[in-house]
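Trainee: Numbering follows this note's numbering, in which position 75 of the sequence shown is assigned residue number 1143; successive positions increment by one, without gaps.
Ideal placement from N, C-alpha and C gives every residue a C-beta, glycine not left out.
Remember, predicted model here, so these are calculated numbers, not experimental data.
Can you keep this structure in mind? I'll have questions shortly.
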Amino acid sequence: MRVEFDRDTCIGMFQCVAEWGEGFEKDTDDGKADLVGGEEVDDDIFVREVPEGAELDAKFAARSCPVDAIVVYDDDGEQLVP
(Lines of atoms letter the chains of each structure in order from A and count residues from 1; the text may use other names and numbers.)
(Lines give C-alpha, C1' and ligand atoms only; values in the text may rest on other atoms or scores of the structure.)
Protein backbone atom coordinates (compact mmCIF):
# COMPACT_ATOMS: atom_id res chain seq x y z
CA MET A 1 0.00 0.00 0.00
CA ARG A 2 1.25 3.47 -0.80
CA VAL A 3 0.14 7.01 -0.13
CA GLU A 4 0.41 9.92 -2.54
CA PHE A 5 0.29 13.49 -1.25
CA ASP A 6 -0.25 16.61 -3.36
CA ARG A 7 1.38 19.27 -1.21
CA ASP A 8 0.35 22.07 -3.57
CA THR A 9 -3.33 21.22 -2.98
CA CYS A 10 -2.87 21.09 0.81
CA ILE A 11 -4.49 24.01 2.66
CA GLY A 12 -2.93 23.31 6.07
CA MET A 13 -5.92 22.11 8.07
CA PHE A 14 -3.68 19.34 9.50
CA GLN A 15 -6.42 16.73 9.93
CA CYS A 16 -3.96 14.28 8.35
CA VAL A 17 -1.52 14.97 11.19
CA ALA A 18 -4.25 14.29 13.75
CA GLU A 19 -5.18 11.01 12.03
CA TRP A 20 -1.68 9.76 11.17
CA GLY A 21 0.87 11.63 13.24
CA GLU A 22 3.68 9.31 12.21
CA GLY A 23 2.89 9.81 8.52
CA PHE A 24 2.30 13.55 8.36
CA GLU A 25 3.75 16.52 10.19
CA LYS A 26 2.96 20.22 10.35
CA ASP A 27 5.08 22.72 8.45
CA THR A 28 3.84 25.89 10.11
CA ASP A 29 6.30 28.04 8.14
CA ASP A 30 4.59 27.07 4.86
CA GLY A 31 1.14 26.44 6.35
CA LYS A 32 1.10 22.96 4.84
CA ALA A 33 1.53 19.37 5.92
CA ASP A 34 4.54 17.25 4.97
CA LEU A 35 4.47 13.54 4.21
CA VAL A 36 7.11 12.07 6.50
CA GLY A 37 9.59 10.05 4.48
CA GLY A 38 7.88 10.98 1.23
CA GLU A 39 9.80 11.05 -2.03
CA GLU A 40 9.00 13.85 -4.48
CA VAL A 41 8.00 12.19 -7.76
CA ASP A 42 6.65 15.31 -9.48
CA ASP A 43 6.31 18.99 -8.57
CA ASP A 44 4.88 18.95 -5.03
CA ILE A 45 3.68 15.32 -5.38
CA PHE A 46 5.14 13.07 -2.68
CA VAL A 47 4.84 9.29 -2.37
CA ARG A 48 5.78 6.71 0.25
CA GLU A 49 4.96 3.16 1.17
CA VAL A 50 2.61 2.75 4.11
CA PRO A 51 4.31 0.79 6.90
CA GLU A 52 2.70 -2.42 8.06
CA GLY A 53 0.23 -1.64 10.81
CA ALA A 54 -0.37 1.94 9.63
CA GLU A 55 -2.80 1.12 6.81
CA LEU A 56 -5.89 2.23 8.70
CA ASP A 57 -4.21 5.47 9.84
CA ALA A 58 -3.23 6.28 6.24
CA LYS A 59 -6.79 5.69 5.05
CA PHE A 60 -8.21 7.89 7.84
CA ALA A 61 -5.70 10.64 6.97
CA ALA A 62 -6.82 10.54 3.33
CA ARG A 63 -10.50 10.56 4.23
CA SER A 64 -10.06 13.47 6.63
CA CYS A 65 -8.37 15.75 4.08
CA PRO A 66 -10.87 18.47 3.17
CA VAL A 67 -9.31 19.05 -0.28
CA ASP A 68 -8.50 15.43 -1.23
CA ALA A 69 -4.76 16.06 -1.34
CA ILE A 70 -4.07 12.50 -0.13
CA VAL A 71 -4.72 9.34 -2.13
CA VAL A 72 -4.13 5.78 -0.93
CA TYR A 73 -3.41 2.97 -3.40
CA ASP A 74 -3.26 -0.78 -2.86
CA ASP A 75 -0.28 -2.86 -3.98
CA ASP A 76 -1.83 -3.33 -7.44
CA GLY A 77 -2.11 0.44 -7.96
CA GLU A 78 -5.86 0.55 -7.44
CA GLN A 79 -7.07 3.70 -5.70
CA LEU A 80 -8.62 2.90 -2.31
CA VAL A 81 -9.18 6.38 -0.90
CA PRO A 82 -10.23 9.29 -1.17
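Do you know offhand how far G1121's Cα is from G1105's?
Mentor: The residue labelled residue 1121 in the question sits at position 53 within the sequence shown. The residue labelled residue 1105 in the question sits at position 37 within the sequence shown. Whole-angstrom Cα-Cα distance: 16 angstroms.
Trainee: Over the uninterrupted beta strand (DSSP E) stretch that includes E1108, give me the two end residues.
Mentor: For this step, residue 1108 is matched to residue 40 along the sequence shown. Residues E1107 to D1110.
Trainee: Using the C-alpha atoms, what's the distance from L1103 back to M1069?
Mentor: For this step, residue 1069 is matched to residue 1 along the sequence shown. For this step, residue 1103 is matched to residue 35 along the sequence shown. Cα to Cα, the separation comes out at about 15 angstroms.
Trainee: Which one or two residues does DSSP pair with E1072 in a beta bridge?
Mentor: Taking the first residue of the sequence shown as position 1, residue 1072 is located at position 4. For E1072, which the question treats as bridged, DSSP gives the partners V1115 and V1139.
Trainee: What residues in its chain sit with their C-beta under 6 angstroms from that of D1074, if we drop five residues either side in the sequence?
Mentor: What you label residue 1074 is simply residue 6 of the sequence shown in a count that begins at 1. Excluding the 5 residues flanking it on each side, D1074 has same chain C-beta neighbours closer than 6 angstroms at I1113 and A1137, in chain order.
Trainee: Leaving aside the five residues before and after G1099 along the sequence, list all residues of the same chain whose C-beta is less than 7 angstroms from its C-beta, in chain order.
Mentor: Against the sequence shown, residue 1099 aligns to sequence position 31. Answer for G1099: G1080, listed in chain order.
Trainee: I believe A1126 touches G1091 by the beta-carbon criterion, under 8 angstroms. Please report the beta-carbon distance rounded to the nearest angstrom.
Mentor: Within the sequence shown, the letter at position 58 stands for residue 1126. Within the sequence shown, the letter at position 23 stands for residue 1091. About 6 angstroms separates the two Cβ atoms, so the contact holds.
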